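Participant: Here it is, the structure, as structure tokens.
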């Protein structure tokens with residue numbers, strides 16, 4: 035009976051170890067290094083090059099996925115996209131999550147409501163609203179170190 | 000005469016001796032064997048090494064049964080599939096977030112606007 039219990043415990047431990055090892059290996063797969071990016075990805079994500087090695091694997095993956103949609107943006111949107119990357123990567127993780135959540139809600143609003151929110155924000159932040167889309171404009175506060183994902 | 004011939008000679012001699020045993024003696028031997036085996040617990044009998052089994056240091060244990068081996072393989076495959084599914088789900092999330100991030104970064108309002116708590120409050124008021 036003891037041999038049977040030991041065997042069951044051994045099998046269970048083996049299965050759990052295999053599952054944990056597989057999950058750890060897959061979930062913590064290191065993101066690609068800057069050198070491994072394609073020339074197109076490097077061009078789009080050039081503003082993130084300086085901080086690339088400090089980004090978490092998930093941040094790198096998200097930026098690379100965001101870069102896939104870059105060609106479908108208008109020139110004005112592309113300019114804003116590039117200008118905001120440095121400030122975005124320096125935002126604390128909690129703020130990035132809040133921004134995503136609020137943006138989803140904002141995106142679902144009807145056009146007139148969106149316009150109302152935009153004008154209200156611009157009225158409260160005239161300096162940011164009138165500034166060109168440069169990293170300084172999208173980062174009104176000093177940027178902290180890159181946050182862990 | 001080599002060793003093989005010698006051994007076969009002994010075997011022939013023993014076989015002939017066995018056949019020539021008195022039937023009463025054979026009966027007593029059979030009863031004694033039966034009585035001895037009846038005193039051995041069943042579990043010990045299962046663990047007795049089978050003829051020709053290799054000695055592996057497990058005192059006759061022949062390793063996991065076929066059922067256990069099959070179960071182990073099935074569980075390993077299930078664990079691998081579960082890990083792969085979780086990874087794919089995370090990958091899909093990252094892809095969706097990539098699209099969201101692209102829209103967010105290129106939006107008319109800067110990401111910092113959406114990151115503000117009062118912006119969330121405005122959205123609630125506006126809805």
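Residue numbers (the numbering used here), protein chains in the order written: chain V, 35 to 183; chain A, 0 to 126. Glycine included, every Cβ here is placed at the ideal spot set by N, Cα and C. Being a predicted model, the structure only gives us computed values, none of them experimental.
(1) According to DSSP, is residue 67 (chain V) part of a helix, a strand, or is it coil?
(2) Using the C-alpha atoms, what's the distance from residue 74 (chain A) back to residue 129 (chain V)?
(3) Go to residue 151 (chain V), then tell me how far its alpha helix (DSSP H) extends in each direction, as first and last residue.
(4) In whole angstroms, give me the CA-to-CA distance for residue 88 (chain V) and residue 68 (chain V).
(5) How about residue 105 (chain A): is its C-beta nearer than 7 Å to some C-beta of chain V?
(6) Name the chain A residues that come within less than 9 Å of residue 132 (chain V), Cβ to Cβ?
(7) Helix, strand or coil for residue 19 (chain A)? Go by DSSP, reduced to three states.
(8) Using a C-beta cutoff of 7 Å, does residue 40 (chain A) count as contacting chain V?
(9) Any C-beta of chain V within less than 7 Å: which residues of the stretch 86 to 101 of chain A qualify?
(10) My understanding is that residue 105 (chain A) touches residue 112 (chain V), with C-beta atoms under 8 Å, so please give their C-beta distance in whole angstroms.
(11) To which residues of the same chain is residue 97 (chain V) closer than 8 Å at the C-beta, ignoring the five residues directly before and after it?
(12) What does a CB cutoff of less than 7 Å around residue 20 (chain A) pick up in its chain, not counting 5 residues either side in sequence?
(13) So residue 150 (chain V) contacts chain A; which residues on that side make the cut at Cβ distance below 8 Å?
(14) Name the chain A residues whose beta carbon is nearer than 9 Å to that of residue 119 (chain V)?
(15) Starting from the beta carbon of residue 88 (chain V), find every residue of chain A whose beta carbon is closer than 9 Å, and list them in chain order.
(16) What's the gap between the Cα of residue 110 (chain V) and the Cα of residue 77 (chain A)?
(17) Strictly under 7 Å for the Cβ-Cβ distance: is residue 122 (chain A) near chain V by that measure?
(18) Taking Cβ positions only, does residue 103 (chain V) come closer than 7 Å to chain A?
(19) Just confirm the distance between the C-beta atoms of residue 113 (chain A) and residue 115 (chain V), as a whole number of angstroms; I'd bet it's less than 8 Å.
(20) With a Cβ-Cβ cutoff of 7 Å, do residue 100 (chain V) and residue 94 (chain A) count as a contact?
(21) Taking just the CA atoms, how far does residue 65 (chain A) sit from residue 55 (chain A)?
(22) Just to confirm the assignment, what range does the alpha helix (DSSP H) spanning residue 91 (chain V) have?
(23) Taking residue 118 (chain A) as the reference, give the member of V:146, V:134, V:145 with the closest Cα.
(24) Flag residue 75 (chain V) as yes if its beta-carbon sits less than 7 Å from any beta-carbon of chain A, otherwise no.
Facilitator: From the atom records:
(1) Mapped onto the first chain, residue 67 (chain V) falls at position 33. Assignment of residue 67 (chain V) by DSSP, reduced to helix, strand and coil, places it in the coil class.
(2) The sequence position of residue 129 (chain V) within the first chain is 95, counting from 1. The sequence position of residue 74 (chain A) within the second chain is 75, counting from 1. A straight-line Cα-Cα distance of about 40 Å links residue 129 (chain V) and residue 74 (chain A).
(3) Against the first chain, residue 151 (chain V) aligns to sequence position 117. Residues 145 to 158.
(4) Mapped onto the first chain, residue 88 (chain V) falls at position 54. Mapped onto the first chain, residue 68 (chain V) falls at position 34. Roughly 11 Å separates the two Cα atoms.
(5) Looking up residue 105 (chain A) in the second chain gives position 106. Chain V has a Cβ within less than 7 Å of the Cβ of residue 105 (chain A).
(6) Counting from one through the first chain, the residue named residue 132 (chain V) turns up at place 98. Those are 113, 114, 115, 116, 118, 119, listed as they occur along chain A.
(7) Along the second chain, read from residue 1 onward, the residue named residue 19 (chain A) stands at position 20. Residue 19 (chain A) falls in the coil class under three-state DSSP.
(8) Locating residue 40 (chain A) in the second chain gives position 41, counting from the first residue. Between residue 40 (chain A) and chain V, the shortest Cβ-Cβ separation is not below 7 Å.
(9) Of all residues in the stretch 86 to 101 of chain A, 86, 89, 93, 94, 96, 97, 98, 99, 100, 101 have a Cβ within less than 7 Å of some Cβ in chain V.
(10) Reading the second chain from its first residue, position 106 is the one you call residue 105 (chain A). Reading the first chain from its first residue, position 78 is the one you call residue 112 (chain V). Going by Cβ atoms, the distance from residue 105 (chain A) to residue 112 (chain V) rounds to 7 Å, so yes, they are a contact pair.
(11) Counting from 1 along the first chain, the entry for residue 97 (chain V) is found at position 63. These residues qualify, in order along the chain: 79, 82, 89, 119, 123.
(12) Residue 20 (chain A) sits at position 21 when you count from the first residue of the second chain. Counting only Cβ-Cβ distances below 7 Å, and skipping sequence neighbours, we find nothing.
(13) Translated into the one-based positions of the first chain, residue 150 (chain V) becomes position 116. Correct list: 125.
(14) Counted from its first residue, the first chain places residue 119 (chain V) at position 85. Annotation: Cβ neighbours of residue 119 (chain V) in chain A (cutoff 9 Å, chain order): 104.
(15) Here residue 88 (chain V) is taken as the residue at index 54 of the first chain, counted from 1. In chain order: nothing, as chain A lies at least about 18 Å away.
(16) The sequence position of residue 110 (chain V) within the first chain is 76, counting from 1. The sequence position of residue 77 (chain A) within the second chain is 78, counting from 1. Between residue 110 (chain V) and residue 77 (chain A), the alpha-carbon positions lie close to 49 Å from each other.
(17) Residue numbering aside, residue 122 (chain A) sits at position 123 when the second chain is read from its first letter. Put simply, the CB of residue 122 (chain A) is near chain V, with a gap under 7 Å to one of its CB atoms.
(18) In the first chain, residue 103 (chain V) corresponds to position 69, counting from 1. Chain A places a beta carbon closer than 7 Å to that of residue 103 (chain V), counting this residue as a contact.
(19) On the second chain, position 114 is the one that residue 113 (chain A) refers to. On the first chain, position 81 is the one that residue 115 (chain V) refers to. Wrong, their Cβ atoms sit about 15 Å apart, outside the cutoff.
(20) Along the first chain, read from residue 1 onward, the residue named residue 100 (chain V) stands at position 66. Along the second chain, read from residue 1 onward, the residue named residue 94 (chain A) stands at position 95. Against a cut-off of 7 Å, the Cβ pair of residue 94 (chain A) and residue 100 (chain V) comes out as no contact.
(21) Numbered from its first residue, the second chain carries residue 55 (chain A) at position 56. Numbered from its first residue, the second chain carries residue 65 (chain A) at position 66. With a pLDDT of only 47 at residue 55 (chain A), under 50, the local geometry of the prediction cannot be trusted, and no value is derived from it.
(22) By 1-based counting over the first chain, the position of residue 91 (chain V) is 57. Looking at the DSSP string, the run of the alpha helix (DSSP H) that includes residue 91 (chain V) is 91 to 102.
(23) Taking the second chain and counting its residues from 1, the one referred to as residue 118 (chain A) is at position 119. Residue 118 (chain A) has its Cα closest to that of V:134, out of V:146, V:134, V:145.
(24) Here residue 75 (chain V) is taken as the residue at index 41 of the first chain, counted from 1. Taking Cβ atoms only, chain A never reaches closer than 7 Å to residue 75 (chain V), which makes this a no.
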